[in-house]
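First the structure, in the form of structure tokens, and then the observations on it.
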Amino acid sequence: MPYVLQHKTSHQIFTCTQVNHYGLAYYGVKFWPDLEEAEQQFPAFLQSLEGMEPDAWHVIELEEGEMKLCNVKLKNDPNLHVFWPPTRKPEVRKMEK
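Start counting the sequence shown at 1; every next residue gets the next number (my numbering).
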């Protein structure tokens, strides 16, 4: 199961530009394959990004299909952000710059 970052108050799932196993860049959900790795790496990962506060985020587990659905809904568009409310149905919103 993939482990992702969720904002504690807004329920936003952390997304960014990444490189897939084919070497192609895409915009999607940042994930780790196991919980221990996610919990160890996410604070330093967020601190490396300007303006990101690690204390505002926590690790949650999504089913692989749920994460893939989030990526499909993002449409590889960095202007879109995905939110994962308690209903466990992704909500996508366009964010203004």
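We put the CB at the ideal spot given by N, CA and C, even for glycine.
Please read all numbers here as calculations on a predicted model, not as lab measurements.
Query, Result
"Where K75 sits in the DSSP three-state scheme", "coil"
"Of the residues R88, K89, P85 and L74, the one placed nearest T15, counting alpha carbons only", "L74"
"Beta-carbon proximity check, L18 vs G28, cutoff 8 Å", "Sequence check: residue 18 is Gln here, not Leu. It is a contact, given that the beta carbons lie within the stated cut-off."
"A98, buried or exposed, once every other Cβ within 10 Å from all chains shown has been counted against 16", "Outside the displayed span of the chain (1 to 97) sits residue 98, for which this structure offers no information."
"Every unbroken beta strand (DSSP E) inside the region 9–74 [3 residues or more]", "15–19, 25–29 and 57–61"
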